[in-house]
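**Q** My structure is below; once you've seen it, I'll send some questions.
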Amino acid sequence: GENVEQHPSTLSVQEGDSAVIKCTYSDSASNYFPWYKQELGKRPQLIIDIRSNVGEKKDQRIAVTLNKTAKHFSLHITETQPEDSAVYFCAAVKAAGNKLTFGGGTRVLVKP
Amino acid sequence: KAGVTQTPRYLIKTRGQQVTLSCSPISGHRSVSWYQQTPGQGLQFLFEYFSETQRNKGNFPGRFSGRQFSNSRSEMNVSTLELGDSALYLCASSPRTDLSSGANVLTFGAGSRLTVL
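Set out below in structure tokens:
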């Protein structure tokens, strides 16, 4: 089955700096890659996603890139703010499916 | 539009008991999935239902089961509880199957936190 690895597991950045989280997946049949943000005690919330027909997608300070050949995708957060502190999860979904295979999560701490 | 609603939010059980968790999806959503979240194993897929049929099942023992009703509400049941079943159980819904198709995203509920003593 699909396996998703996520790095780093923890990331500490200074406010205003950029943060990058990387994920690799194993199943070439995966074609949908969402990113979820989970604040302490709250539900995972979708922050951005990318489908395999595009290589990059941006939404204000966050962006995701996808390299299908290398089977990896990344989340980029620019101009980080304290409210960006949370656990971020990447996931992969196979075509025609609804099953998310999650990475292990990255705990991001933005220091003021 | 109301979000995904899960009940109960918190519950405490003892080993050997069973538990039933409920999930009401967003109105109009027909696909409901369940995930288990633990500090050690992260987020793991349990099962997915669409139109009252189980479409997909994760690698969990048969003690974990679920069902979906005609109104798309779903329940999951865990029998003969073990200490390791302590977790946050998350339900998620989407309008239809195939997340890779445009405008079809998965929305999570707040979860049911189960503690097994």
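Protein chains in written order, with the numbering used here: chain A, 1 to 112; chain B, 1001 to 1117. Think of the CB as a built atom: it goes at the ideal place given N, C-alpha and C, for glycine as much as any other residue.
For a cutoff of 8 Å on Cβ pairs, would you count LEU46/A as touching chain B?
**A** Interface residue, yes.
**Q** What is the rounded straight-line gap between the Cα of PRO112/A and the Cα of ALA91/A?
**A** Looking at the two C-alpha atoms, the distance is approximately 29 Å.
**Q** Would you tell me roughly how many angstroms separate the C-alpha atoms of ARG1067/B and VAL1004/B, rounded to the nearest one?
**A** When rounded, the distance between both Cα atoms is 16 Å.
**Q** Got a sec, what are the start and stop residues for the beta strand (DSSP E) ILE62/A sits in?
**A** Unbroken beta strand (DSSP E) run through ILE62/A: 62 to 67.
**Q** Taking C-beta pairs closer than 8 Å, name the residues in chain B that ALA95/A reaches, listed in chain order.
**A** Ordered by position in chain B, the residues that pass the 8 Å Cβ test against ALA95/A are ASP1098 and SER1100.
**Q** Return the chain-ordered ranges of every beta strand (DSSP E) run that is complete within the region 26 to 93 of chain A and spans a minimum of 3 residues.
**A** Those beta strand (DSSP E) runs which fall completely within the region 26 to 93 of chain A and span 3+ residues are 30 to 38, 45 to 51, 56 to 59, 62 to 67 and 72 to 77.
**Q** I want to see whether chain B comes within less than 8 Å of LYS99/A, judged by CB atoms only; does it?
**A** Chain B contact via Cβ: present.
**Q** Can you list, in chain order, the residues of its chain whose CB lies under 6 Å from that of THR1007/B, leaving out five sequence neighbours each side?
**A** Correct list, in chain order: SER1022.
**Q** At the level of alpha carbons, what is the spacing between PHE102/A and ARG43/A?
**A** Approximately 15 Å, taken between the alpha carbons.
**Q** Would you say ALA1110/B lies against chain A (beta-carbon separation less than 8 Å)?
**A** So yes, ALA1110/B belongs to the interface.
**Q** Going by DSSP in three states, LEU1106/B sits in which element: helix, strand or coil?
**A** If DSSP states are grouped into helix, strand and coil, LEU1106/B belongs with coil.
**Q** Can you tell me which of SER1024/B, PHE1045/B, GLN1017/B and GLY1016/B puts its alpha carbon nearest to the alpha carbon of ARG1009/B?
**A** Nearest option by C-alpha distance: SER1024/B.
**Q** Report buried or exposed for SER1074/B, applying the criterion of at least 16 other Cβ atoms within 10 angstroms of its Cβ.
**A** Buried, by the Cβ-count rule.
**Q** Tell me whether the beta-carbon of LYS99/A lies closer than 8 Å to the beta-carbon of PHE1045/B.
**A** Yes, the Cβ-Cβ distance between LYS99/A and PHE1045/B is below 8 Å.
**Q** Would you call the region 77 to 90 of chain A and the region 25 to 39 of chain A in contact, with 3 or more CB pairs under 8 Å?
**A** Cβ pair count under 8 Å is three or more, so yes.
**Q** Between which residues of its own chain and LEU1099/B is the CB-CB distance below 8 Å, once the five residues before and five after are set aside?
**A** Only VAL1105 and LEU1106 meet the Cβ criterion.
**Q** By Cβ distance, which residues of its chain are closer than 6 Å to PRO82/A, with the 5 residues on each side in sequence left out?
**A** Within the same chain, PRO82/A has close Cβ partners VAL110 and PRO112.
**Q** GLN1006/B bridges to which residues according to DSSP?
**A** CYS1023/B, per the DSSP bridge assignment.
**Q** Just to confirm, is the Cβ distance from GLN6/A to GLY97/A under 8 Å?
**A** Not a contact, by the Cβ cut-off of 8 Å.
**Q** Quick one: what does DSSP say GLY104/A is sitting in, helix, strand or coil?
**A** Coil at GLY104/A, not helix or strand.
**Q** Give a yes or no on whether the minimum CB-CB distance between PHE102/A and chain B is below 8 Å.
**A** Yes, PHE102/A lies at the interface with chain B (some Cβ there is under 8 Å from its Cβ).
**Q** What does DSSP give as the partner residue(s) for GLY1042/B in the beta ladder?
**A** Beta-bridge pairing links GLY1042/B to THR1038/B.
**Q** Strictly below 8 Å CB to CB, what residues from chain A border VAL1105/B?
**A** Under the 8 Å cutoff, chain A gives PRO34, LEU46 and ASP49.
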